[in-house]
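**Student:** Per the working numbering, the very first residue in the sequence shown carries number 487; after that it's consecutive. Ideal Cβ placement from N, Cα and C applies to all residues, glycine included.
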Amino acid sequence: MEIRRMKLVKMSIAAVVTALLAGCSGSMLVPVQDHASILSNADQAKQALSQATSCCTAFSDFNYVALPEGDTLLALDSKQPSFQFDEGMSYFAAYRLPANTGNLAISIASQVSKTVLIPQVIMLDAQFKVTRVLGESVFSYQPAHLLDNDRIEGKLFVDRSMPGNPAAETYMIVYAPADKLAGSTTILHPSKAFARANGTVEPDIKDPVIPHSPWGLVQIKVADMAKGQGLEAVFKPEYADKVAMSKAAPAATAVAAGTVATAAVAAPAKPAPAMLSETEAFYQSQIEKAVKAGDIDKAMQLVSEAERAGSTKAKSIFIDAVKRSQKG
487 MEIRRMKLVK MSIAAVVTAL LAGCSGSMLV PVQDHASILS NADQAKQALS
537 QATSCCTAFS DFNYVALPEG DTLLALDSKQ PSFQFDEGMS YFAAYRLPAN
587 TGNLAISIAS QVSKTVLIPQ VIMLDAQFKV TRVLGESVFS YQPAHLLDND
637 RIEGKLFVDR SMPGNPAAET YMIVYAPADK LAGSTTILHP SKAFARANGT
687 VEPDIKDPVI PHSPWGLVQI KVADMAKGQG LEAVFKPEYA DKVAMSKAAP
737 AATAVAAGTV ATAAVAAPAK PAPAMLSETE AFYQSQIEKA VKAGDIDKAM
787 QLVSEAERAG STKAKSIFID AVKRSQKG
């Protein structure tokens, strides 16, 4: 009865939110049930991958599809090409980033069902040289919330204005690294999520353990920050798992990797530079907006992002916003 009630409440909430968001950009209910075959059997997906062969010899050989602004739903399975990445053979999707835009904010969310794909992203410049590799330092599990399913999600920003940042990033590759396929991810049980949402005692029940798969359903959202906010985008420095890969240029990569490793040992970590007042105002607006909407999880994520980027006020802004919402 409780599970049935939970489903009915979730459907009601989804219906209300859908109505409220009708016509708004950035809203997309991912149809996980329509792609059940991709998300149902990790062993089958791994068996198919074991028989796959590499499509190409280098990143420059990939067929890059134009990635539009807005939402893109990627079904990554055996119909996609495969390639021998540094971690092993993987299916992948290759995109050409939107041109003639301001800075880009890109959200990548791998949907969780009976299986889940753990994404990794390779960013390349116009000459197909690797600029960043973004994996476990960026992607993390996020429990279901309103229209969003359980997912492994990460956000990255492409800066096209500030000196010293990878302004020439032109291409993006999404894949599931082979060294993550033997693992699993524990997600929040729906009954516990229901209890938390309603402020009741969580049931004593084990959380589901979801096996990793080379197949997955991935939601990609691309926003031109200049258009979306009415001001130039703010660069958010992500942690890159690697700054180069052997597929780009073997000799140069080896030298670059050695230089980076030496610098990491020799130089102490530097604190984030002081945040510009315009950037601080941007984060303040977004934090207050999230709190006002009742999305505390998002507000806390924004606080964390702002502090990593050098903010000293984000936490107090969040606390003040929460206090005002309670008074209201």
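1) I need the straight-line Cα distance from Leu-632 to Asp-783, nearest angstrom please.
2) Can you tell which of Tyr-577, Glu-791, Leu-674 and Asp-557 has its C-alpha closest to the C-alpha of Cys-541?
3) Looking at the unbroken beta strand (DSSP E) that takes in Ile-782, where does it start and where does it end?
4) Which residue comes first and which comes last in the beta strand (DSSP E) that contains Asp-529?
5) Under the three-state reduction of DSSP, which class applies to Ser-677: helix, strand or coil?
6) Considering Cα atoms alone, identify which of Ser-699, Val-518, Ile-706 and Arg-810 is closest to Pro-554.
7) Pull up the DSSP beta-bridge partners for Tyr-581, would you.
8) For a test of the three-state rule: what should DSSP assign to Thr-617, helix, strand or coil?
9) Contact defined as beta carbons within less than 8 Å: I believe Val-777 pairs with Ala-767. What is the distance between those atoms, to the nearest angstrom?
10) Taking 8 Å as the threshold (C-beta atoms), are Leu-590 and Val-644 in contact?
11) Measuring from the CB of Ser-623, is there a heavy atom of the ligand NAD at a distance below 7 Å?
12) Under the rule that 16 or more other beta-carbon atoms within 10 Å means buried, what is Ala-779, buried or exposed?
13) Using the Cβ count rule (16 or more neighbours within 10 Å means buried), how would you classify Gly-685?
14) Tell me which residue opens and which closes the beta strand (DSSP E) that Thr-672 is part of.
15) Which residue from Gln-628, Leu-674, Lys-678 and Glu-774 puts its Cα closest to that of Ala-810?
16) Could you check what DSSP says for Asp-710 in three-state terms: helix, strand or coil?
17) For Ala-807, which residues from the same chain have a beta carbon less than 8 Å from its beta carbon, with the 5 sequence-adjacent residues on both sides left out?
18) Do Tyr-550 and Ala-580 have their beta-carbon atoms positioned less than 8 Å apart in this structure?
19) Can you tell me which of Pro-567, Leu-535, Val-619 and Glu-688 puts its alpha carbon nearest to the alpha carbon of Glu-655?
20) If you compare alpha carbons, which of Pro-584, Trp-701, Arg-794 and Val-789 is closest to Ile-805?
21) Touch check for the segment 656 to 663 and the segment 672 to 679: three-plus C-beta pairs under 8 Å?
**Tutor:** Looking at the coordinates:
1) For the purposes of this step, residue 632 is taken as the residue at position 146 of the sequence shown. For the purposes of this step, residue 783 is taken as the residue at position 297 of the sequence shown. Here the alpha carbon of Leu-632 sits roughly 12 Å from the alpha carbon of Asp-783.
2) Residue 541 sits at position 55 when you count from the first residue of the sequence shown. Considering only alpha carbons, the answer is Tyr-577.
3) One-based indexing of the sequence shown puts residue 782 at position 296. It is not in any beta strand (DSSP E) - Ile-782 instead sits in the alpha helix (DSSP H) that spans 782 to 794.
4) As a working note, residue 529 is residue 43 in the sequence shown. Premise fails: Asp-529 lies in the alpha helix (DSSP H), 528 to 536, not in any beta strand (DSSP E).
5) Within the sequence shown, the letter at position 191 stands for residue 677. It is helical.
6) For the purposes of this step, residue 554 is identified with residue 68 of the sequence shown, where counting begins at 1. For Pro-554, the nearest C-alpha among the options comes from Ile-706.
7) Position 95 of the sequence shown holds residue 581. According to DSSP, Tyr-581 bridges with Val-551 and Met-658.
8) As a first step, residue 617 must be located in the sequence shown, where it is residue number 131. Strand.
9) Counting from 1 along the sequence shown, the entry for residue 777 is found at position 291. Counting from 1 along the sequence shown, the entry for residue 767 is found at position 281. That belief does not hold up - the Cβ atoms of Val-777 and Ala-767 are roughly 16 Å apart, past 8 Å.
10) Mapped onto the sequence shown, residue 644 falls at position 158. Mapped onto the sequence shown, residue 590 falls at position 104. Using a Cβ distance threshold of 8 Å, Val-644 and Leu-590 count as a contacting pair.
11) This structure lacks the ligand NAD, and indeed carries no ligand of any kind.
12) Position 293 of the sequence shown holds residue 779. Exposed: under 16 other Cβ atoms inside 10 Å.
13) In the sequence shown, counting from the first residue as 1, residue 685 sits at position 199. So Gly-685 ends up on the exposed side.
14) For the purposes of this step, residue 672 is taken as residue 186 along the sequence shown, with counting starting at 1. Its beta strand (DSSP E) spans residues 670 to 672.
15) The residue you call residue 810 lines up with position 324 of the sequence shown. Residue identity differs from the one stated: residue 810 is Arg in this sequence, not Ala. Comparing Cα-Cα distances from Arg-810 to each of Gln-628, Leu-674, Lys-678 and Glu-774, the minimum goes to Glu-774.
16) Along the sequence shown, read from residue 1 onward, the residue named residue 710 stands at position 224. Three-state result, Asp-710: strand.
17) Residue 807 sits at position 321 when you count from the first residue of the sequence shown. Only Ile-773, Glu-774, Val-777, Lys-778 and Ala-785 meet the Cβ criterion.
18) Position 94 of the sequence shown, counting from 1, holds the residue named residue 580. Position 64 of the sequence shown, counting from 1, holds the residue named residue 550. Yes, they are a contact pair.
19) Stepping through the sequence shown from its first residue, residue 655 is reached at position 169. Ranking Pro-567, Leu-535, Val-619 and Glu-688 by CA distance to the CA of Glu-655 puts Val-619 first.
20) As a first step, residue 805 is located in the sequence shown; it is residue number 319 there, counting from the start. When each option's Cα is compared against that of Ile-805, the closest is Val-789.
21) no
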